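Numbering (our numbering), first residue to last: 158 to 480. By construction, the Cβ of each residue, glycine as well, lies at the ideal position given by its N, Cα and C atoms. From a predicted model like this one, the values you see are computed outputs, not experimental measurements. What follows is a set of notes on a single structure, which appears directly below.
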Ligand code: AHG
Ligand code: MN
Ligand code: MN
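Laid out in structure tokens, this is it:
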């Protein structure tokens with residue numbers, strides 16, 4: 158990709174998108190989101206850490222930062238002239254921007270994932286899922302792009318438009334410059350990132366975790382979906398899961414703006430993303446706030462989790478049949 162003699166590190170986000178033959182309106186949209194991240198960074202660094210006094214449709218208390226980050230992104234998308242519909246974790250329903258779908262995109266986003274971690278100074282992120290046209294209730298396999306921005310010690314941006322996963326880092330001028338292209342996740346990892354409460358895991362997940370521990374796999378869990386996934390992508394190995402729990406068969410994470418975009422990126426990097434019973438990207442959401450359990454990362458580790466879950470469920474149904 159880099160011109161001979163010119164270090165690829167001077168390739169900024171817009172140039173990389175253009176040189177990857179990404180459609181002009183999509184280049185504009187992704188760059189507008191990158192611009193919005195500069196204002197979100199500022200709100201994280203200086204904003205009020207308190208509650209907004211409202212809650213979202215999941216019944217979760219909204220932090221002032223959630224609402225501020227949502228407003229920053231919504232305004233950007235609204236004025237971009239290339240968005241048909243958008244939906245946010247912080248809004249109760251889809252926000253129509255333009256009835257004309259032609260040449261436009263629809264965006265599902267989590268403006269600030271892990272926002273409750275800001276007051277303890279842990280890394281947080283913005284997650285974006287992009288479809289062509291007006292329909293957001295499609296299988297994640299139809300996404301035309303997915304990206305996240307990670308607000309950590311460094312601010313980085315990772316995107317894919319279906320031709321590999323590429324990482325950018327923000328420089329002192331707040332420009333995103335290319336760090337690496339075509340990130341790959343190897344089949345088996347040596348780290349695991351277990352979400353949810355262990356005492357509520359179902360027997361299959363519990364058995365899977367025990368074999369990870371017997372294998373000496375290291376536990377790495379920050380409680381922030383974006384840094385936890387970013388670690389697996391950049392280390393090129395590992396598995397994150399937020400599984401189905403007893404009494405919570407759908408787990409916690411939302412399909413449209415958390416799981417689908419991350420599943421798209423991880424599959425583009427040669428990894429896998431499963432509900433424990435099948436690919437996340439094959440799910441077609443019935444409503445915008447659908448949740449799903451997730452096992453995501455190194456392909457062989459995800460397949461092993463599915464096997465433990467399947468075997469345990471078979472055993473349980475045989476036991477029930479035997480009465
Ligand atoms: P959000 O802050 O957007 O509501 O998402 C938080 C999510 C995700 O970042 C993380 O993986 C998960 O919540 C952690 O949940 P627990 O606090 O239950 O571990
Ligand atoms: Mn979230
Ligand atoms: Mn959020």
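Query - Cβ pair count under 8 Å reaching 3, the stretch 248–264 against the stretch 279–298 - result: yes
Requested in this report: Give the straight-line distance between the Cα atoms of residue 364 and residue 225, rounded to the nearest whole angstrom.
Outcome: Mapped onto the chain shown, residue 364 falls at position 207. Mapped onto the chain shown, residue 225 falls at position 68. Each residue's alpha carbon lies about 42 Å from the other.
Query - Beta carbon nearer than 6 Å to a non-hydrogen atom of ligand 3 - result: 223, 246, 267, 269, 270, 272
Requested in this report: Grab me the residues of residue 447's own chain with a C-beta within less than 6 Å of its C-beta, minus the 5 sequence neighbours each way, in chain order.
Outcome: Counting from 1 along the chain shown, the entry for residue 447 is found at position 290. Only 412 meet the Cβ criterion.
Query - Among 347, 346, 366, the one whose alpha carbon lies nearest that of residue 355 - result: As a first step, residue 355 is located in the chain shown; it is residue number 198 there, counting from the start. The residue with the shortest Cα to Cα distance from residue 355 is 366.
Query - residue 162 burial status per 10 Å Cβ neighbour count (16 or more: buried) - result: The residue you call residue 162 lines up with position 5 of the chain shown. Unreliable placement is indicated for residue 162, whose pLDDT of 49 sits below 50; no coordinate value is reported for it.
Report task. Please check the pair residue 389 and residue 459, which I expect to be a contact at CB under 8 Å, by giving their CB distance rounded to whole angstroms. Result -> Your numbering for residue 389 matches position 232 in the chain shown. Your numbering for residue 459 matches position 302 in the chain shown. Going by Cβ atoms, the distance from residue 389 to residue 459 rounds to 11 Å, so no, they are not a contact pair.
Query - Top-ranked residue by Cα proximity to residue 426, from 169, 338, 465, 287 - result: Taking the chain shown and counting its residues from 1, the one referred to as residue 426 is at position 269. Closest by alpha carbon: 338.
Query raised in the report: Heavy atom of ligand 2 less than 7 Å from the Cβ of residue 415, yes or no?
Result: Counting from one through the chain shown, the residue named residue 415 turns up at place 258. Residue 415: yes, Cβ under 7 Å from ligand 2.
Query raised in the report: What is the DSSP secondary structure of residue 340, counted as helix, strand or coil?
Result: Translated into the one-based positions of the chain shown, residue 340 becomes position 183. DSSP places residue 340 outside both helix and strand once states are collapsed to three, so it counts as coil.
Query raised in the report: To the nearest angstrom, how far is it from the Cα of residue 474 to the Cα of residue 351?
Result: One-based indexing of the chain shown puts residue 474 at position 317. One-based indexing of the chain shown puts residue 351 at position 194. Their Cα atoms are separated by approximately 26 Å.
Query raised in the report: Relative to ligand 1, is the shortest distance from any of its heavy atoms to the C-beta of residue 292 smaller than 7 Å?
Result: In the chain shown, the residue the question calls residue 292 occupies position 135. Result no, Cβ not under 7 Å from ligand 1.
Report task. Name, in chain order, the residues that DSSP records as bridge partners for residue 452. Result -> For this step, residue 452 is matched to residue 295 along the chain shown. Paired residue(s): 398, 431.
**Report entry** Residue range of the alpha helix (DSSP H) that includes residue 361
**Finding:** Walking along the chain shown from the start, residue 361 turns up at place 204. It spans 360–371 - the alpha helix (DSSP H) in which residue 361 sits, taken as one unbroken run.
Query raised in the report: Got a sec? Which residues, its chain only, sit under 7 Å from residue 198 by beta carbon, not counting five neighbours each side?
Result: On the chain shown, residue 198 is found 41 positions in, with the first residue counted as 1. If we look at residue 198 and ignore the five residues flanking it on each side, its Cβ neighbours are 308, 312.
Query raised in the report: Is the Cβ of residue 256 closer than 8 Å to any Cβ of chain D?
Result: In the displayed structure, chain D is absent; only one protein chain is listed.
Requested in this report: At 4 residues or longer, and completely inside the stretch 209–271: list those alpha helix (DSSP H) runs for me, N to C.
Outcome: 221–235
Report task. Compute the Euclidean distance between the alpha carbons of residue 383 and residue 480, then round it to the nearest angstrom. Result -> Within the chain shown, the letter at position 226 stands for residue 383. Within the chain shown, the letter at position 323 stands for residue 480. Rounded to the nearest angstrom, the two C-alpha atoms are 45 Å apart.
Requested in this report: Go ahead and pull the three-state DSSP assignment for residue 192.
Outcome: Here residue 192 is taken as the residue at index 35 of the chain shown, counted from 1. Here residue 192 sits in helix by DSSP.
Query raised in the report: Does any heavy atom of ligand 2 sit closer than 7 Å to the C-beta of residue 382?
Result: For the purposes of this step, residue 382 is taken as the residue at position 225 of the chain shown. The answer is yes for residue 382.
Query raised in the report: In chain order, what residues of the same chain have a beta carbon less than 7 Å from the beta carbon of residue 205, not counting five sequence neighbours either side?
Result: To locate residue 205, count along the chain shown from 1; it is residue 48. Only 221 meet the Cβ criterion.
Requested in this report: Return yes when the C-beta of residue 101 is under 7 Å from any heavy atom of ligand 1, and no when it is not.
Outcome: Because the chain is modelled from 158 through 480, residue 101 falls outside the range shown and cannot be assessed.
Query raised in the report: Who are the Cβ neighbours of residue 170 in its own chain at under 6 Å, not counting the five residues just before and after it?
Result: For the purposes of this step, residue 170 is taken as the residue at position 13 of the chain shown. Here the set comprises 191, 325, 333.
Report task. Could you have a look at residue 351 and say whether DSSP puts it in helix, strand or coil? Result -> In the chain shown, the residue the question calls residue 351 occupies position 194. It is a strand residue.
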